[in-house]
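A.B. asks: Can you keep this structure in mind? I'll have questions shortly.
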Amino acid sequence: MRRSTVIFIAALAVFVAVITVMAGAGMISTSFVKTLGMTLCLCLAAVAMDLVWGYAGILSLGHMAFFALGGYMIGMWLMYARTEAIVIEALSGQPLPATPEEIRQGIGNQIFGVIGTSDIPWVWGFAHSLPLQLLLVVLVPGVLAGLFAWLAFRSRVTGVYLSILTQAGTLALALHLFQNDSGLRGNNGLSGLQNLPGVSASQDATSLWLFWASALALAAGYLLAAWVVGGKFGSVIRAIRDDEQRVRFLGYPVEGFKLFVFTLTAVIAAIAGALYYPQAGIINPAEMMPIASIYLAVWVAIGGRGRLYGAVIGAAVVSLLSSWFTGGRAPSIPLGFYTIDWVDWWQVLLGLVFVLVTLLAPRGIGGLFK
Amino acid sequence: MSALLEVRGISVSFDGFRAINNLSFAIGAAELRAVIGPNGAGKTTFMDIVTGKTRPDSGDVIFGDPPRSLLRMTEAQIARAGVGRKFQRPTVFEDQTVGANLMMALRAPRNPFAVLRFRATDGHHARVVELAAEVGLADHLHRIAGELSHGQKQWLEIGMLLAQEPRLLLVDEPAAGMTLAEREHTTTLLTRLAQTRAVVVVEHDMEFVRRLDCRVTVLHEGAVLAEGSLDHVTADRQVIDVYLGRG
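What follows is the structure, encoded as C-alpha cells:
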C-alpha cells in the first residue's frame with residue numbers, strides 16, 4: 045500500500061475518534077456532527093470525481109446527478125417506511141383493523157397530497173423494501189451511467205463535447221424531476237429523511253451512526269480507488285487521459301476502460317449520496333442541477349487532480365468554507381461606500397481562487413504536499 | 091514467399107481528394123521494407139488504413155496466418171492481432187516511468203477486468219529489464235519518460251513495440267530529428283527486428299534508407315510507382331521525375 049493511503053486512513057480514524065469523543069462530551073452540536081458527516085460524503089464523491097477526471101481524463105459535469113439519484117433511492121424508502129408507520133398508528137384507533145388498501149391509500153395521501161394526488165406512482169414499487177431500494181441505489185445510477193457511457197464513448201465523443209453532453213443530460217434529468225408527474229414529488233422533493241424508520245434513538249445518536257457510516261464509506265471508497273489506480277489499470281487510464289489513440293494502438297479497448305471507470309465512479313457517487321441525504325434530511329431536484337457537478341469539479345481542481353487525498357482535501361476545505369461563508373457567519377467587510385456581504389460574494393471569491401489555482405498551482409493544494 | 095500482409099487494390103478519398111488510389115502491397119513474414127515518396131503520396135494514410143484508423147472506400151487488407159481481413163476490426167483488435175505502429179513524433183506516456191511504459195505494452199490480456207486483476211510477476215519484471223536493455227535504456231527504468239531525450243523516447247517507443255511482440259511493425263520516419271549516433275543505433279535495431287518479423291519503415295531521408303539496405307517501395311499519388319532495391323528505384327526515370335528531381 046502506498047504511504048499516502050496509510051496516512052490518509054490513519055488520519056481519518058483519528059478524526060472519527062476525536063469527533064466521537066467530542067460529541068459524546070457535548071462539546072459539539074448534533075447539527076455540526078451532521079455537517080461533518082455530510083462533508084465526508086462529499087469527500088467520497090470527490091474521490092470518484094478524481095478517479096474519472098483526474099486519472100481517466102473524463103471531465104464529467106454530471107456526477108452529482110448520480111449522487112442525488114442515490115439520495116432519491118434511499119429517500120424513497122425512508123419516506124415510505126416512516127409514513128407507513130405513521131398511517132398504521134393513526135388507523136389503529138378504529139374499531140375495525142385497517143385493510144392493506146386503506147393503509148396504501150393513507151400512505152399515498154400523506155406523501156403525494158402535496159402534488160394533488162393520492163396514487164402511488166409505479167417508481168415507488170420497491171419503496172416498501174429496504175434491501176430492494178438499497179439495490180436501486182447502486183443499480184439506477186449504475187445502469188444510467190453505463191448506458192450513457194456506452195453511447196457516448198462508442199461514438200468517440202471526448203473532451204469538451206463529452207463534458208457538454210454530461211451537463212445536458214444532468215440538466216434534462218433535473219428538469220424531469222422538477223415535474224410533478226416524474227413520480228418523485230416534483231420540486232417538493234423528499235423530506236423528513238433524517239428520521240430513520242423503526243429507530244427510536246435520538247437524533248444525537250443517529251447523527252453519530254450516520255457520521256460513522258460516512259467515514260467507513262469514505263475509507264472503503266478511498267481504498268478501492270487507491271487499489272484501482274495503483275496497478276497496471278491506473279497506468280492504462282492515465283495513459284488514456286494523455287493519449288487515447290496511442291493506447292488503442294497498444295491493443296487496449298479504450299472504450300471499455302472508460303465505460304468501466306465512468307460507471308464505477310457513478311456508483312461510488314450514488315453511495316455517497318445515499319449516505320448524505322439522510323443527514324441533510326431533504327432532497328429536491330435543485331440538488332441535481334449542473335452547478336452541483338461543476339462545484340465538484342472545482343473542489344477536485346483546487347484540491348489537486350490525480351491525487352486521491354488532494355480531492356478529499358479540496359472537497360472538505362472548500363465545502364466547509366462554503367457553508368461557513370454562505371451561512372451568514374462570516375463577518376461582512378464594510379468598505380464605507382459598499383459592504384462586502386459574504387453570502388453574495390463567496391462565489392466571486394471561490395471563482396477567483398479557482399482561477400488562481402489553475403494558473404499558479406495546477407496541481408492544487410494536494411500538489412503542495414509532494 | 092507467402093505474404094504476412096497483403097493490401098489488395100485499396101482506394102480512399104477525403105472530400106474528393108484521392109489519397110490512396112488502387113494501391114496494392116505485400117510484405118513477407120520476416121522482411122524489412124522501406125516506403126518512400128514525396129509529401130502527399132499517401133504514406134501515412136496507408137499506415138492509417140492498415141492499423142484501422144481509416145477505413146478504405148474499396149479494396150481489402152489481409153493479414154496473418156490464417157489470413158484475416160483487418161477491415162472489420164477496431165484499432166485495438168488489429169493491435170492485438172499483431173500489428174504494431176510507431177509514430178513519427180515519439181509518443182510515449184511522458185507522465186509515467188520507462189518501466190511503467192514498457193509494462194503497459196507487455197503482451198498480456200488487455201480487457202479491463204484482466205488488467206484490474208493483473209499483478210506483475212518476476213517474469214514480467216525480468217522481461218521489462220530485458221527490453222530496456224535491448225533498446226539501450228537499462229539505466230533509465232525508473233526515470234519519468236518525459237525527461238528522456240528525443241532519441242531515447244524513440245527507443246522507448248520501439249521497446250514498447252517489441253513488448254507487444256507484433257508480427258508486423260509499421261515505423262513512421264524513425265530517423266527524424268536524431269543525431270548521427272542515434273541513427274546508427276536505430277538502424278541496427280530495425281535490421282535486427284526484421285530478422286524475426288516484418289518491418290515497414292516509412293522514411294523521407296534517402297541516406298537513412300540506404301543504411302537500411304533493403305527493398306524499397308516508392309509511392310506517388312496514392313499508388314506504387316516502383317519497387318526494388320534502392321539503386322534500382324533511384325535509377326527509374328519516373329521516380330527521378332516525380333520525387334528525386336524535386337530534391
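From first to last, the protein sequence lines stand for chains V and U.
Start counting at 1 in the first sequence, then tack on 44, and there's your number in our numbering.
Start counting at 1 in the second sequence, then tack on 90, and there's your number in our numbering.
A virtual CB, placed ideally from N, CA and C, is assigned to each residue, including glycine.
What does DSSP give as the partner residues of His310 of chain U in its beta bridges?
C.D. replies: Residue pairing from DSSP places His310 of chain U in a beta bridge opposite U:Ala313.
A.B. asks: CA-CA distance, Phe59 of chain V and Lys78 of chain V?
C.D. replies: 14 Å
A.B. asks: Taking the C-alpha atoms as reference points, what is the distance between Ala142 of chain V and Gly98 of chain V?
C.D. replies: 56 Å
A.B. asks: Pull up the distance between the alpha-carbon of Leu206 of chain V and that of Leu105 of chain V, whole angstroms please.
C.D. replies: Here the alpha carbon of Leu206 of chain V sits roughly 9 Å from the alpha carbon of Leu105 of chain V.
A.B. asks: If you count every other CB in all the chains shown that lies within 10 Å of the CB of Trp166 of chain V, and 16 or more means buried, which is it?
C.D. replies: exposed
A.B. asks: Given that a residue counts as buried once 16 or more other Cβ atoms are within 10 Å of its Cβ, and exposed if not, what is Glu297 of chain U?
C.D. replies: exposed
A.B. asks: Against Phe277 of chain V, what residues of chain U qualify as contacts under a CB-to-CB distance less than 8 Å, listed in chain order?
C.D. replies: In chain order: Pro202, Val205, Leu206, Phe208.
A.B. asks: Apart from the five residues just before and just after Gly337 of chain U, which ones in its own chain have a Cβ nearer than 8 Å to its Cβ?
C.D. replies: Any reading at Gly337 of chain U must be qualified, since the residue scores a pLDDT of 44, below 50, and its modelled position is unreliable; no value is offered.
A.B. asks: For a cutoff of 8 Å on Cβ pairs, would you count Asp229 of chain U as touching chain V?
C.D. replies: no
A.B. asks: List the whole-angstrom C-beta distance separating Glu272 of chain U from His294 of chain U, where the pair is believed to meet the contact cut-off of C-beta under 8 Å.
C.D. replies: Glu272 of chain U to His294 of chain U, Cβ: 16 Å. No contact.
A.B. asks: What residues of chain U sit near Asp286 of chain V, judged by a beta carbon separation below 8 Å?
C.D. replies: Phe183, Glu184, Asp185
A.B. asks: Excluding the five sequence neighbours on either side, which residues of its own chain have a C-beta within less than 6 Å of the C-beta of Phe293 of chain V, listed in chain order?
C.D. replies: none
A.B. asks: Do you know offhand how far Gly172 of chain U's Cα is from Leu56 of chain V's?
C.D. replies: 48 Å
A.B. asks: Which residue from U:Thr141, U:Ala253, U:Ser103 puts its Cα closest to that of Val97 of chain U?
C.D. replies: U:Thr141
A.B. asks: By DSSP's criteria, Pro378 of chain V is part of a beta bridge. Which residues make up the other side?
C.D. replies: V:Thr383
A.B. asks: Of all Cβ atoms in chain U, is any one closer than 8 Å to the Cβ of Phe197 of chain V?
C.D. replies: no
A.B. asks: Along chain U, in chain order, which residues have C-beta atoms closer than 7 Å to that of Tyr296 of chain V?
C.D. replies: Ala166, Arg200
A.B. asks: Three-state secondary structure (DSSP) at Asp155 of chain U?
C.D. replies: In the structure shown, Asp155 of chain U sits in coil (DSSP, three-state: anything other than H, G, I, E or B).
A.B. asks: So, using beta-carbon positions, are Tyr502 of chain V and Ile151 of chain V closer together than 8 Å?
C.D. replies: Residue numbering for chain V in the displayed model covers 45 to 414; residue 502 of chain V lies beyond these limits and cannot be assessed.
A.B. asks: Going along chain U, which residues have a C-beta under 9 Å from Val311 of chain V?
C.D. replies: Under the 9 Å cutoff, chain U gives no residues; its nearest Cβ is about 15 Å from Val311 of chain V.
A.B. asks: At a CB distance below 9 Å, what residues from the stretch 338-369 of chain V approach chain U? Give them in sequence order.
C.D. replies: Gly350
A.B. asks: DSSP three-state call for Glu121 of chain U: helix, strand or coil?
C.D. replies: Here Glu121 of chain U sits in coil by DSSP.
A.B. asks: Give me the chain C residues within the contact set of Ala169 of chain U, using Cβ-Cβ distance strictly less than 9 Å, ordered along the chain.
C.D. replies: Absent here is chain C; the protein component of the structure consists of chains V and U.
A.B. asks: Is the CB-CB distance between Leu237 of chain V and Ile326 of chain V below 8 Å?
C.D. replies: yes
A.B. asks: Roughly how many whole angstroms lie between the Cα atoms of Gly354 of chain V and Leu86 of chain V?
C.D. replies: 13 Å
A.B. asks: Could you check whether the Cβ of Thr307 of chain U sits closer than 8 Å to any Cβ belonging to chain V?
C.D. replies: Closer than 8 Å: no.
A.B. asks: Mind checking the stretch 250-273 of chain U against chain V and listing, in chain order, the residues whose C-beta falls within less than 8 Å of any C-beta there?
C.D. replies: Met250, Gln254
A.B. asks: Which residue from U:Ser114, U:Gly267, U:Glu274 puts its Cα closest to that of Thr307 of chain U?
C.D. replies: Relative to the Cα of Thr307 of chain U, the nearest Cα in the group U:Ser114, U:Gly267, U:Glu274 belongs to U:Ser114.
A.B. asks: So which residues of chain V does Arg175 of chain U contact, with C-beta pairs closer than 7 Å?
C.D. replies: Phe293
A.B. asks: Counting only beta-carbon atoms, is Gly337 of chain U nearer than 8 Å to chain V?
C.D. replies: The predicted position of Gly337 of chain U is uncertain, since its pLDDT is 44 and thus under 50; a value taken from the coordinates is nonetheless stated next. So no, Gly337 of chain U is outside the interface.
A.B. asks: Going by other Cβ atoms of all chains shown within 10 Å of its Cβ, with 16 needed for buried, is Ile168 of chain U buried or exposed?
C.D. replies: Under this definition Ile168 of chain U is a buried residue.
A.B. asks: If you reduce the DSSP assignment to three classes, tell me which class Gly172 of chain U lands in.
C.D. replies: Gly172 of chain U falls in the coil class under three-state DSSP.
A.B. asks: Taking Cβ positions, are Thr341 of chain V and Leu103 of chain V nearer each other than 8 Å?
C.D. replies: Here residue 341 of chain V turns out to be Ala, not Thr, going by the sequence shown. Yes, these two residues count as a Cβ contact at 8 Å.
A.B. asks: Using 8 Å as the threshold, is the stretch 304-311 of chain V in touch with the stretch 174-192 of chain U, meaning 3 or more CB pairs across them?
C.D. replies: no
A.B. asks: Would you identify the three-state DSSP class for Val218 of chain U, choosing helix, strand or coil?
C.D. replies: helix
A.B. asks: Return the chain-ordered list of same chain residues with a C-beta closer than 7 Å to the C-beta of Leu352 of chain V, the five sequence neighbours on each side being excluded.
C.D. replies: Residues Val91, Asp94, Tyr266, Ala269, Ala270 of the same chain have their beta carbon placed closer than 7 Å to that of Leu352 of chain V, with the five preceding and five following residues left out of the count.
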